[in-house]
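What follows is a set of notes on a single structure, which appears directly below.
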Ligand code: DQA
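In full-length UniProt numbering, the protein residues as written are 2 to 148.
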């Protein structure tokens with residue numbers, strides 16, 4: 002299968018960004034680890050990060066042409082603001098899992114609402130970088146059960 006991992010704004014700073022909240026693992030480490038895990042099970046996985054809403058939307062549109070089967074997305078701050086990215090995911094109708102490194106429900110009230118969660122297959126938050134691995138496992142299992 003073809004999987005796409007999307008990361009939103011400021012996640013390029015992982016490793017140095019508020020490590021007490023987001024951990025010490027860099028985004029490159031997370032992406033490399035996911036790519037290896039997917040490849041080891043015979044799948045293809047690509048990662049894309051952007052600080053720009055329109056680039057994430059464009060990447061989601063292209064995902065449909067590229068026959069991406071599943072998306073793992075940490076929309077970062079766009080989680081709480083972006084009707085446009087939500088609409089892009091709904092438009093391409095590719096199943097996705099929403100990931101947050103931090104437990105957004107333990108944090109400021111403005112982080113408690115997500116424009117994505119009701120459309121997501123599932124949501125993982127508060128487990129740090131491990132959340133991405135768990136999301137990948139869940140995605141692969143759900144793709145296998147589709148066959
Ligand atoms: C985040 C949580 C968001 O509230 C925040 O804006 C982020 C990262 C997380 O991974 O915990 O940038 O999505």
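Just so it is clear, CB atoms sit at the ideal spot from N, CA and C, and this is done for glycine as well.
Just so you know, these numbers come straight off a predicted model, no measurement behind them.
Which residue wins for smallest C-alpha separation from residue 106, given the options 46, 22, 48? For the purposes of this step, residue 106 is taken as residue 105 along the chain shown, with counting starting at 1. Of the listed residues, the one whose Cα sits closest to residue 106 is 22.
Three-state secondary structure (DSSP) of residue 47: Within the chain shown, residue 47 is the residue found at index 46, counting from 1. Looking at residue 47 - three-state DSSP - the assignment turns out to be strand.
So, under 8 Å CB-CB, residue 77 and residue 123 are touching, yes? Tell me the CB distance rounded to an integer number of Å. By one-based count along the chain shown, residue 77 stands at place 76. By one-based count along the chain shown, residue 123 stands at place 122. Not really, about 18 Å apart at Cβ, beyond 8 Å.
Beta strand (DSSP E) runs wholly inside the region 54 to 102, at least 3 long, in chain order: Taking only runs of at least 3 residues, the beta strand (DSSP E) segments lying wholly in the region 54 to 102 are 71 to 75, 97 to 101.
Looking at residue 75 and ligand 1, is the gap between the Cβ and the nearest heavy atom below 8 Å? Position 74 of the chain shown holds residue 75. In this structure, residue 75 has its beta carbon less than 8 Å from a heavy atom of ligand 1.
Residue 84 and residue 62 - do their beta-carbons sit closer together than 9 Å? As a first step, residue 62 is located in the chain shown; it is residue number 61 there, counting from the start. As a first step, residue 84 is located in the chain shown; it is residue number 83 there, counting from the start. At the C-beta level, residue 62 and residue 84 stay beyond 9 Å of one another.
So the beta strand (DSSP E) residue 8 belongs to, where does it begin and stop? Here residue 8 is taken as the residue at index 7 of the chain shown, counted from 1. In the DSSP annotation of this structure, the continuous segment of the beta strand (DSSP E) that includes residue 8 starts and ends at 3 to 8.
In this structure, how does DSSP classify residue 124 when only helix, strand and coil are distinguished? Translated into the one-based positions of the chain shown, residue 124 becomes position 123. Strand at residue 124.
Skipping 5 residues on each side, what residues in its chain have a beta carbon closer than 7 Å to that of residue 120? For this step, residue 120 is matched to residue 119 along the chain shown. So the list reads 87, 90, 91, once near-sequence residues are dropped.
For residue 111, name the three-state secondary structure that DSSP assigns. Locating residue 111 in the chain shown gives position 110, counting from the first residue. Looking at residue 111 - three-state DSSP - the assignment turns out to be helix.
One question on the structure: do residue 50 and residue 3 come within less than 9 Å of each other, judged by their Cβ atoms? Along the chain shown, read from residue 1 onward, the residue named residue 50 stands at position 49. Along the chain shown, read from residue 1 onward, the residue named residue 3 stands at position 2. No, these two residues do not count as a Cβ contact at 9 Å.
Look at the alpha carbon of residue 38 and the alpha carbon of residue 117, and state the distance between them as a whole number of angstroms. As a position in the chain shown, residue 38 is number 37, starting the count at 1. As a position in the chain shown, residue 117 is number 116, starting the count at 1. Answer to the nearest angstrom: the Cα atoms are 25 Å apart.
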